[in-house]
Amino acid sequence: MKKLFIDYDKCLSCKKCNVKCSYFLHPENNGITYLREEIAFLFACRRCEDHPCINVCPTSALIREKGINIRSRFLCISCKSCMLACPFGTILPDIIPYIIGKCDLCLGRLKANEIPVCVKTAECDAIKFIEEEEIEKEENIYKIGDSLIVKVYSYINSYGIKK
Ligand code: SF4
Ligand code: SF4
Ligand code: SF4
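Following my numbering, the numbering of the sequence shown begins with 139 at its first residue and continues without gaps.
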């Protein structure tokens with residue numbers, strides 16, 4: 139079964155993400171931004187014990203759950219304070235947009251041989267819809283759930299940061 143693939147490090151160097159998204163509950167939704175935030179908190183965040191990003195948040199939108207930062211998209215006012223407080227550049231301004239975003243991985247919405255709209259409209263090769271075997275021999279490949287594969291430099295694994 140094909141899965142969504144995101145090359146996070148390529149995404150990071152992209153200056154303008156023009157992907158369209160077919161998630162229908164939020165207008166102007168960019169599901170890739172939603173996924174990039176998830177990847178950033180899983181693999182790029184150093185999980186600081188004193189977490190300045192969380193301490194500075196004026197709305198308590200940012201919390202840590204089971205060792206991982208998560209942001210409430212309803213509480214967040216996109217003030218960017220967390221971004222300024224993070225010494226590692228984990229939180230980029232475009233991953234904390236004011237407009238709520240969501241990706242449901244198009245689960246249950248794709249017909250036979252269809253590919254997600256984001257993949258169809260991406261003007262880069264950072265987002266693909268692939269069989270797992272096509273990518274499994276490459277370095278820095280991680281699975282998130284059953285339907286998402288990411289290629290990302292993991293600070294968590296590289297520096298042995300406690301999960
Ligand atoms: S997989 Fe579907 S919901 Fe997710 S970003 Fe792509 S088009 Fe949007
Ligand atoms: S951008 Fe959102 S999560 Fe970050 S400090 Fe502001 S309100 Fe909190
Ligand atoms: S300050 Fe940055 S690296 Fe540290 S916990 Fe917050 S987001 Fe992660």
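Glycine residues also receive a C-beta, built at the ideal position from the N, C-alpha and C atoms.
Close Cβ partners of residue i (< 7 Å) along its chain, the five nearest in sequence each way excluded
i, result
"Thr197", "Leu213, Cys214, Ile215"
"Tyr161", "Asn167, Gly169, Lys240, Cys241, Asp242"
"Leu245", "Ser285"
"Ile268", "Lys140, Lys141, Phe143"
"Ala182", "Thr228, Tyr293"
"Cys149", "Arg174, Ala264"
Residues near residue i in its chain [Cβ-Cβ closer than 6 Å; skip 5 each side]
i, result
"Asp145", "Ala264, Lys289"
"Tyr236", "Ser216"
"Glu175", "Ile233"
"Phe179", "Ile206, Asn207"
Helix, strand or coil at residue i [DSSP, three-state]
i, result
"Phe143", "strand"
"Ile192", "helix"
"Glu271", "helix"
"Lys258", "helix"
"Lys148", "helix"
Beta-ladder partner(s) of residue i, from DSSP
i, result
"Asn168", "Note: Asn168 sits in no beta bridge, so no partner."
"Asn207", "Arg202"
"Leu286", "Leu142, Ile282"
"Ile265", "Ile144"
Classification of residue i by the beta-carbon crowding that lies within 10 angstroms, buried from 16 upward
i, result
"Leu163", "exposed"
"Asn207", "buried"
"Lys141", "buried"
"Ser210", "exposed"
"Tyr172", "buried"
"Ala250", "exposed"
"Ser219", "buried"
"Pro231", "exposed"
"Leu200", "buried"
Residues near residue i by beta carbon distance below 8 Å, same chain, minus five either side
i, result
"Thr259", "Asn156, Val157, Lys158"
Closer than 8 Å to chain C by CB, residue i
i, result
"Ile229", "Absent from the structure: chain C. Only one protein chain is present."
| message | Please output, in chain order, the residues near ligand 1 using a CB cut-off of less than 6 Å to any non-hydrogen atom of the ligand. | response | Leu142, Cys159, Ser160, Tyr161, Gly169, Ile170, Cys241, Asp242, Leu243, Cys244, Pro254, Val255, Cys256
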